[in-house]
Every structure is written in structure tokens, then in C-alpha cells.
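Input: a single structure, listed below in C-alpha cells.
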Amino acid sequence: MKKTILVAVSIALFLGISTLSAQSLLDNEFYNKAKALVAQSEEALQAGDYDAAASLAAEAKDNLQKSDDYVATMLMFYRANGWLGQARDRIAYAKSIKADTNYKDAYNTAVTAAGGAKEALDAKDYEKSIGLSKTALAALANIAPVVAKAPPSEPALPQYYTVRLVISKRDCFWRIAEFPFVYNDPWKWRLLYNANKSLLENPANPDLIEPGQHFVIPSASGEKREGEYDPDVNYPTYSPK
Amino acid sequence: MRKIVPWAALLAALFLAVSCAGTPPAKPTPEAPQPEKPAVAAPDAELAQAQSLQQKADKYGLGEYDPEDYAAATKDLKAGQDAYGKDNAASKESLTKAIDEFNSVITKGGALYLAKLQAQADASKKAADDLKASVAVKDQYAEANDVYQRALKEKDAGDLENAVADFTKARDLFDAVAALALQKKENATKSLADTKEQMTASEQKAADAQKTLKDEGF
Chain A
0 MKKTILVAVS IALFLGISTL SAQSLLDNEF YNKAKALVAQ SEEALQAGDY
50 DAAASLAAEA KDNLQKSDDY VATMLMFYRA NGWLGQARDR IAYAKSIKAD
100 TNYKDAYNTA VTAAGGAKEA LDAKDYEKSI GLSKTALAAL ANIAPVVAKA
150 PPSEPALPQY YTVRLVISKR DCFWRIAEFP FVYNDPWKWR LLYNANKSLL
200 ENPANPDLIE PGQHFVIPSA SGEKREGEYD PDVNYPTYSP K
Chain B
0 MRKIVPWAAL LAALFLAVSC AGTPPAKPTP EAPQPEKPAV AAPDAELAQA
50 QSLQQKADKY GLGEYDPEDY AAATKDLKAG QDAYGKDNAA SKESLTKAID
100 EFNSVITKGG ALYLAKLQAQ ADASKKAADD LKASVAVKDQ YAEANDVYQR
150 ALKEKDAGDL ENAVADFTKA RDLFDAVAAL ALQKKENATK SLADTKEQMT
200 ASEQKAADAQ KTLKDEGF
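Okay, structure coming up:
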């Protein structure tokens, strides 16, 4: 009887119905035959042909046993096929993220296991095939894309500057423009002046600024600026883009 | 009074004298021989027939169907037996009467008895038919039915003994046929029920398989 089941399974696979739904597992020749035999048995029982009814019922029972075997076999086939598919998908993904290089041992283990799973599947050793597919998946369970470390980001140039009281070297538009984190060029002082003229007590006099005044530092060449100047931050030196 | 006594004595003496002096009475003439009745043979045939009929009636208990005639027949048979060898004519008469009465009992009671047996056979046949025994146990049913049909013909022909035997046999055969058919029916019913139960189990196994595949994402 096992041979019959295997033949049926082979035929099913040959017909390319490996993607059958589980529901269709019941829609096999043995179950269908059993259903027909049960119907015939009922008719015979009604007609009084009790010997035939009993015989047909027994034959139906045999076919149900074959159907059970078929369902069990196909279940294992679908599972083995499904697990192998998952293992292959995982291996393909691993390769796409260069796991064959970055996780060489795990990748090779998975490939070997998946190969064994395929061989076991072909040999109809579904239990073994499932085990090997799971081994392949387990080997690749912890892989992840290896991302190159980005250089530490530099702080953006400051957008605001508060005039300080520096006795030795008083702030002025010329000196402020000269700071590396501003324009690194005193000759760009007019940019500052023009942007903050309205804040001055005497807008016509760029030489008179006072500590505590809060100046905006306009972008000189499209560079990104944000936040208040912090003397403790190591700002990059401005360079025109 | 003294005058009367002498005269009485005288008369008595005279009477005695006259009596003793008479001739002896003549010998009685022998009676004329009566004409003899014709000799009647012992009614052996009647006796045997009456007894046979009684046995027949008793064999099937027909007396209970016609108790008056049966009682009369039995009485007449006894009278015939009692008179047998003593008064054969009377015996024969009683036996002849008994024969008629037993025949009446057998005719009436036999019909009723056969009707009873036929009813039993009919009931057994119906039980077999209800179990579709003509299909379930075809050959045995056919045999029983043959006997039944024969009994009907024998009944119509007034063949009490064979009709009784065949109705009884047909009843027994139909009973056996029905019992066998019932056994076969119960066996088939159980077998079919078992198969349906297994079919439900097979469907459940397939549903479980479906769930397993679904749970594993296939």
C-alpha cells in the first residue's frame, strides 16, 4: 500500500501540483474513491444487498487508510519543500548582503545544509530534509548587512553669535568675520554688518557693537549653519563651497 | 257368628275337594319362535375410520375450533365403541355419526387452523420482506417462498396435512431467512458506520495537516 501512496505522490508531483493547498490534500483519488464507495454502500444497504453494502464499506475503509497515508506523505512533502524554500530564500538574501564574505562560516554551513536538504527531499526523506533546512536557517539567523562606518559627523557651523567682552581683543565685525567658524576671512565683515545692522544702536556705525548683542551669521556660500556658537565645540573651519 | 263358621268351613272343604279332583293343567305350548334379526357385522371399518379421524383432529388440535361437534363426535365414537360386538348395528350407527361429526370438525377446524398457520407464515414472510431478504439472502428466500406457494395450493386443494406441513415449514424458513437477513443488515450497517467514522477522522487529519502547513507559513 505504501508503494501505491508513493506512486500517487509521484504522480501529483509530476503533474506539477506541488503548490496544492492543504485543503486539496483531501481531494485525492483515495478519498474520492472512498466517498463514492460509501455512497454505493448506502445504496446497497437501502436495497437490501447487505453483503455488497458491507463489502463496499470495507473497501471504502481501505481507501480512507490510503488517503490518510497520502495526506501524511504530502504534508511532509509540503513541509520539506516549504522549509527548503525558506532556506534558499535566506541564503539568497545572505548572499545579497555579502554574507558569503562577512559571515563566511555561517553562509557555507547554510549552503551545505540546504544542499543536503534538497538531496533528502529528492530521496523523499522529508524529515531529514526539514531538519537540514532548519539547520541552514539557523546558521543564517543572526546575519545582518555590514554597513561601513560613517566618519564622525562634524558639527554644523554656528548660525548665531553673541558678542563677547574680550578685553585683550574686543569683538568687532572685522574680528568676528575672521573667526574660522564664521568666515575665516575678516574681509567678509560686511556680510555680518548688513545682516545685523538693524540691531545696532547706530546702524550707520559698524564699529560700535556691544557685548551681549545677538548677531545672526548669514550663510556666505550656501553652507549649512545652525544653533548658537558654543566656545566648547570644535567647529570646522569655514571654507567657501 | 256360630252359624257362619260351619258354612265357611264347608265351602272351603268343598273347594279343596273340587281342586284336587281336577285334571292337571296342560303343558304350556312353547312360544312361537321370534323372527331373528339379521346379523350385523362388526363395524370395523367405521370404527377404524372414526378413530383415524379423531387422531387427525387431535393431531392438529382441531377440536378447539369446533368444540361442540368435537364433543358430539367423541361421544358418538365412545358409544360406537361401547356397542361394538354387542349391538353392532347401534355401534355402526354411532360410529357413522361420529365419522360425519369428525369430518365436520376437520373441515371447519382445519380451515381455521390453516388460516392460523398461514397467518403465521404471512407474518414471517412480511418480516423477511421488510428486511429485503429476497435480495439479502436470495436463494434461501426463494426456497421459503416456494414452500409457501406450495402450501397455498395445498390449502386450496383441501390437502390439510400437506398444507399444514408446508405452511409450518414456510414459516420456519421465513423466520430463518429473516434472522439471517437481519444479521447481514446489522453487519453491513455497522461496517458502514465504522467507515463513516473513519471518513470523519480522515477529514480531521487533513484539516490538521492544513493547520500545520498554515502555522508554518506554507
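Protein sequence lines correspond, in order, to chains A and B.
Residue 105 in numbering that gives the first Met the number 0 sits at position 106 of the first sequence, and the numbers go up by one each step.
Residue 133 in numbering that gives the first Met the number 0 sits at position 134 of the second sequence, and the numbers go up by one each step.
Yeah, the Cβ is synthetic: ideal placement off N, Cα and C, and Gly gets one too.
Treat the numbers as computed from the prediction; the structure is a model and nothing was measured.
> Around the C-beta of S190 (chain B), are 16 or more other C-beta atoms found within 10 angstroms, so that it is buried, or is it exposed?
Replying inline: Buried.
> If you count every other CB in all the chains shown that lies within 10 Å of the CB of W250 (chain A), and 16 or more means buried, which is it?
Replying inline: Residue 250 (chain A) lies beyond the stretch modelled for chain A, which goes from 0 to 240, so this question has no answer here.
> For F214 (chain A), which beta-bridge partners are listed by DSSP?
Replying inline: DSSP output for F214 (chain A) lists A:Y160 as bridge partner(s).
> Hey, quick one: how far does the alpha helix (DSSP H) through W241 (chain A) stretch, first residue to last?
Replying inline: Not covered by the structure: residue 241 (chain A). The range shown for chain A is 0 to 240.
> Thinking C-alpha only, which one of A:Y159, A:V110 and A:W173 is nearest A137 (chain A)?
Replying inline: A:V110
> What residue does the alpha helix (DSSP H) around F178 (chain A) start on, and which one ends it?
Replying inline: Segment: none, F178 (chain A) is in no alpha helix (DSSP H) and carries neither H nor E.
>> What does DSSP give as the partner residue(s) for E118 (chain A) in the beta ladder?
In response: DSSP, once it has assigned bridges, lists no residue as partnering E118 (chain A).
>> Do D75 (chain B) and K96 (chain B) have their beta-carbon atoms positioned less than 7 angstroms apart in this structure?
In response: yes
>> Can you tell me whether E215 (chain B) is helix, strand or coil according to DSSP?
In response: coil
> Of all the residues that make up the stretch 187–205 of chain B, which are near chain A by a beta-carbon distance shorter than 9 angstroms?
Replying inline: A187, T188, K189, S190, L191, A192, D193, T194, K195, Q197, M198, A200, S201, E202, K204 and A205
> For the stretch 65–85 of chain A against the stretch 116–128 of chain A, are there 3 or more C-beta pairs whose distance is under 8 angstroms?
Replying inline: yes
> Among A:E153, A:A51 and A:L131, which has the Cα closest to the Cα of G115 (chain A)?
Replying inline: A:L131
> Listed from N- to C-terminal order along the chain, which residues in the stretch 35–46 of chain A have their beta-carbon within a distance smaller than 9 angstroms of any beta-carbon of chain B?
Replying inline: L36, V37, S40, E41, A43, L44, Q45 and A46
> Does any CB atom of chain D fall closer than 7 angstroms to the CB of V70 (chain A)?
Replying inline: This model lacks chain D altogether; the protein chains it does include are A and B.
> Helix or strand or just coil, what does DSSP make of A25 (chain B)?
Replying inline: Low local confidence applies: a pLDDT of 49 at A25 (chain B) is under 50, so the model's placement there is unreliable, and no value is given.
> In three-state terms, what does DSSP make of E209 (chain A)?
Replying inline: coil
> So which residues of chain A does A135 (chain B) contact, with C-beta pairs closer than 8 angstroms?
Replying inline: G47, D48, Y49 and D50
>> Buried or exposed, going by whether 16 or more other CB atoms sit within 10 Å of the CB of A51 (chain B)?
In response: Note that residue 51 (chain B) is Ser in the sequence shown here, rather than Ala. S51 (chain B) should be labelled exposed.
> Is it the case that the Cβ atoms of Q53 (chain B) and F101 (chain B) are separated by a distance below 7 angstroms?
Replying inline: yes
> Who are the near neighbours of R170 (chain B) in its chain, counting only those whose CB is closer than 6 angstroms to its CB and skipping five residues on each side?
Replying inline: So the list reads Q119, A120 and S123, once near-sequence residues are dropped.
>> Which of the three DSSP states is assigned to R169 (chain A) in this structure?
In response: coil
>> Strictly below 9 angstroms CB to CB, what residues from chain B border L63 (chain A)?
In response: T194, Q197, M198, A200 and S201
>> Please return the same chain residues whose Cβ sits closer than 8 angstroms to the Cβ of L55 (chain A), not counting the five positions on each side in sequence.
In response: L36, V37, Q39, S40 and A43
> Relative to the C-alpha of K65 (chain A), which residue among A:D50, A:A33 and A:D104 is closest?
Replying inline: A:A33
>> If we define contact as Cβ-Cβ less than 7 angstroms, is Y125 (chain A) a contact residue for chain B?
In response: no
> In three-state DSSP terms, what is E153 (chain A)?
Replying inline: coil
> So K96 (chain B) is in the alpha helix (DSSP H); what residue range does that whole segment cover?
Replying inline: N87 to D129
> Are the stretch 103–114 of chain B and the stretch 151–167 of chain B touching by the rule of at least three beta carbon pairs closer than 8 angstroms?
Replying inline: yes
> Taking contact to mean at least 3 C-beta pairs separated by less than 8 angstroms, is the stretch 139–151 of chain B in contact with the stretch 39–49 of chain B?
Replying inline: no
>> Rounded to whole angstroms, what is the Cα-Cα separation between I16 (chain A) and L139 (chain A)?
In response: Low confidence applies here, because I16 (chain A) scores a pLDDT of 46, under 50, leaving its location unreliable; read the following figure in that light. If you draw a straight line from the Cα of I16 (chain A) to the Cα of L139 (chain A), it is about 30 angstroms long.
> Can you list, in chain order, the residues of its chain whose CB lies under 6 angstroms from that of E215 (chain B), leaving out five sequence neighbours each side?
Replying inline: none
>> Check this for me: beta carbons of A205 (chain B) and L25 (chain A), under 7 angstroms apart or not?
In response: yes
>> So the candidates are A:A176, A:F180, A:A143 and A:G81; which of them puts its Cα closest to the Cα of K213 (chain B)?
In response: A:G81
>> Which residues in chain B have a C-beta closer than 8 angstroms to the C-beta of A33 (chain A)? List them in chain order.
In response: Chain-ordered, the chain B residues with CB closer than 8 angstroms to the CB of A33 (chain A) read T194, M198 and S201.
> Cβ of L179 (chain B) less than 7 angstroms from any chain A Cβ?
Replying inline: Taking a beta-carbon distance threshold of 7 angstroms, L179 (chain B) does not count as an interface residue toward chain A.
> How would you write the range of the alpha helix (DSSP H) that L136 (chain A) sits in, first residue to last?
Replying inline: Residue range Y125 to A138 is occupied by the alpha helix (DSSP H) that includes L136 (chain A).
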